[in-house]
Amino acid sequence: MTSDTTHTMFGAHSTTEDVLAGVDLSGRTAVVTGGYSGLGLATTRALARAGARVVVPARRPDAAQQALSGVAGVEVDQVDLADLASVRAFAERFLRGHPALDILIAGAGIMACPQTRVGPGWEAQFAINHLGHYALVNLLWPALTASGAARVVSVASGRDPSWRIRWDDVQFERGYDKWEAYTQSKLANILFARHLGLLGRPHGVRAFSVNPGYIQTPLQRHLAVEEMVAAGWIDVDGTPAPGLFKTVEQGAATQVWAATSPHLDSYGGDYCVDCQVAGASPDDSGPAARLWALSADLTGLDLVDRA
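The numbers in our numbering rise by one with no breaks, and the one at position 49 of the sequence shown is 43.
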């Protein structure tokens, strides 16, 4: 792992087609959560075009089947990341049918939703964006280690120094703020990849977190137009701010690059932006280990016990 920005031939305007040019994923198996909408759909299509067998676990399998109609090499299964029993059931089905998992892209998520409780009373953004994926990786660990060179990519967001884990109230039981809950979950994505990169290295499992940038996708479904205007994302007519948004193929490029680039064979745990390794904060190690321990306690799952 390095804290230096690592330069590649790709950048902010690179697309999934660019980063996969000349890459053959035949014989590889990938799981893409959220792989039937927005960035996830672009990711699924790109990996399948490169020859991978892509499994898309979906909360709405019928919608996923419709969105992926005509995409060869894709299978749809059912999962609800807010329900650990559902995650476990999916993992058991996957392990029965697939001896190894080469790529896992944790892309499903929600943003700035009204206060919602799921599972045993967990705050929905932390539960779906982080804990569900934490559980999925733990439960699919046998397949990831069987690959010998697996990649796990956690789709985060643009990081801000003000982000924090609310350690004394991680479920927002004492006052809910939709944006603070969202940024907590995205910081959790970064810290999760940081610690997984450490734990996975002896087993050939490399983990990365990525910032896809600004993209207009269904992720914004909980936001009022007035809120997006006030944020400067669009004008009152709904026209995007010039130069702000990437296309979905540009937005998905960094996660596809992190999942496949041989350039990253010596890395692990890093945060990536615009198809570059931006490194990881030296202050992340302690919080990353603390978050892992908290997640293990909440879910009852910890691959450290099996490592």
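Built from N, CA and C at the ideal position, the CB exists for glycine as well.
Being a predicted model, the structure only gives us computed values, none of them experimental.
Assigned with DSSP and collapsed to three states, residue 17 falls in coil, not helix or strand. In this structure, the straight-line span from the alpha carbon of residue 71 to that of residue 56 is close to 10 Å. Under the three-pair Cβ rule at 8 Å, the segment 43 to 58 does not count as touching the segment 264 to 282. Between residue 283 and residue 101, the alpha-carbon positions lie close to 22 Å from each other. In the structure shown, the three-state DSSP call for residue 98 is strand. Rounded to whole angstroms, residue 12 and residue 249 show a C-alpha spacing of 13 Å. For the set 16, 53 and 63, the Cα lying nearest the Cα of residue 39 is the one of 63. Counting along the chain, residue 284 sits inside the alpha helix (DSSP H) bounded by residues 279 to 293. Its chain contains 75, 76, 112 and 113 as the residues whose beta carbon lies nearer than 8 Å to that of residue 121, once the 5 sequence neighbours on both sides are disregarded; these appear in chain order.
Contact between residue 118 and residue 104 holds: their C-beta atoms lie close to 6 Å from each other, under 8 Å. Two segments are said to touch when three or more pairs of C-beta atoms, one from each, lie closer than 8 Å; by this definition the segment 167 to 174 does not touch the segment 136 to 156.
When the five nearest sequence neighbours on each side are left out, the beta carbons in the same chain lying within less than 7 Å of the beta carbon of residue 269 are those of 2, 4, 5, 8, 13, 247, 248 and 251, in order along the chain. With respect to the C-alpha of residue 16, the residue from 83, 166 and 256 having the closest C-alpha is 256. Under the three-state reduction of DSSP, residue 55 is assigned to helix. Scanning its chain for C-beta atoms nearer than 8 Å, with the 5 sequence neighbours on each side dropped, one finds around residue 93 the residues 137 and 140, in chain order. DSSP places residue 167 outside both helix and strand once states are collapsed to three, so it counts as coil.
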